[in-house]
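Engineer:
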Amino acid sequence: MRNAITALLLSAALSGTAAAQESEGAAIAAVIDDQLADFTARDLDGAYEHASRTIRRIFGSAGNFGAMVEQGYPMVWDNAGARYLALREEGDVWWQRVLLRDARGVPHLLDYRMIETPQGWRIDGVSLVAGPDVGV
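In the numbering used here, the protein residues as written are 2 to 137.
#1: Within its chain, find whatever has a CB closer than 6 Å to the CB of P119; leave out the 5 residues flanking it on each side and keep chain order.
#2: Is it the case that the segment 40-57 contacts the segment 107-123, given that we only count it when at least three CB pairs across the two stretches are under 8 Å?
#3: Between Y113 and Q97, how many whole angstroms is the CB-CB distance? I'm expecting something under 8 Å.
#4: Considering only their Cβ atoms, is the gap separating L45 from A83 smaller than 8 Å?
#5: Roughly how many angstroms separate the alpha carbons of V77 and V127, rounded to a whole number?
#6: Buried or exposed for V107, please, with buried defined as at least 16 other CB atoms from any protein chain shown within 10 angstroms of its CB.
#7: What three-state label does DSSP hand V137 in the structure shown?
#8: Suppose the cutoff is 7 Å on Cβ atoms and the five residues either side in sequence are ignored; what does the same chain contact list for L111 look like?
#9: For A30, which residues in the same chain have their Cβ closer than 6 Å to its Cβ, ignoring the five residues on either side in sequence?
#10: Looking at C-alpha atoms only, which residue of H109, G61 and R89 is the closest neighbour of A81?
#11: What is the DSSP secondary structure of M114, counted as helix, strand or coil?
#12: Could you give the uninterrupted runs of the alpha helix (DSSP H) lying entirely in the segment 38-62, keeping only those of 4 residues or more?
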C-alpha cells in the first residue's frame, strides 16, 4: 500500500512537471512565433520588443538589431516556418530548439535562449546548432 501511494505521488508530481513544461513551451513558442512574424513583416520595433534587456543594451536600437539579424541570421530574417523541438530548462534559462526553414526551404537548427521577466518571456540569444556531418 505504501509503495502504491509513493508511486501515485511520484506520478502526480511528474505529470505536474510535464504540464508546467508544456505551458511554458506554449508561451515560449508564442514569443518566438511573434518575433519571426515581425521579421517577415519587417517590423523591427516589434521584433526588438521580444529581445531581453541584455540584447537591447548590446544593440541599442531596433535598426541595429534588425541589421544584425539580416546579416547574421538570414534564415530568421527570411523564414518560411518553424517547428518546435526539445525544450529544456537550465536554472533560470530555458532553451527552445527550433527547426527553422529559410526562404528557400533549407532547414536550420537553432537554440533560442529564453528568460522569463516581469514583462513575460524574452529572447536572450539565438545559437545555430551544427548539423551532423554527412559522408559520401
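Glycine is no exception: its CB is placed at the ideal position from the N, C-alpha and C atoms.
Structural biologist: A quick look at the data gives this:
#1: In the sequence shown, counting from the first residue as 1, residue 119 sits at position 118. Once the five neighbours on either side are set aside, P119 has no close Cβ partner at all.
#2: Because the criterion of three Cβ pairs below 8 Å is met, the segment 107-123 and the segment 40-57 touch.
#3: On the sequence shown, residue 113 is found 112 positions in, with the first residue counted as 1. On the sequence shown, residue 97 is found 96 positions in, with the first residue counted as 1. Between Q97 and Y113 the Cβ distance is about 4 Å, and since that is below 8 Å, they are a contact.
#4: Locating residue 83 in the sequence shown gives position 82, counting from the first residue. Locating residue 45 in the sequence shown gives position 44, counting from the first residue. No, the pair does not count as a contact, with Cβ atoms beyond the cut-off.
#5: For the purposes of this step, residue 77 is taken as the residue at position 76 of the sequence shown. For the purposes of this step, residue 127 is taken as the residue at position 126 of the sequence shown. Rounded to the nearest whole angstrom, the CA to CA distance from V77 to V127 is 10 Å.
#6: Within the sequence shown, numbered from 1, the residue matching residue 107 stands at position 106. That one is exposed.
#7: Locating residue 137 in the sequence shown gives position 136, counting from the first residue. Any reading at V137 is ruled out, since the residue's pLDDT is 45, under 50, leaving its predicted position unreliable.
#8: Within the sequence shown, residue 111 is the residue found at index 110, counting from 1. Excluding residues within five positions, the ones whose Cβ falls inside 7 Å are V99, L101, V127, S128, L129 and V130.
#9: Counted from its first residue, the sequence shown places residue 30 at position 29. Cβ neighbours of A30 beyond the five flanking positions: Y85.
#10: Reading the sequence shown from its first residue, position 80 is the one you call residue 81. The shortest Cα separation from A81 among H109, G61 and R89 belongs to H109.
#11: Residue mapping note: residue 114 aligns to position 113 of the sequence shown, counting from 1. The residue you asked about is not Met; residue 114 is Arg in the sequence shown. If DSSP states are grouped into helix, strand and coil, R114 belongs with the strands.
#12: 45-50 and 54-60
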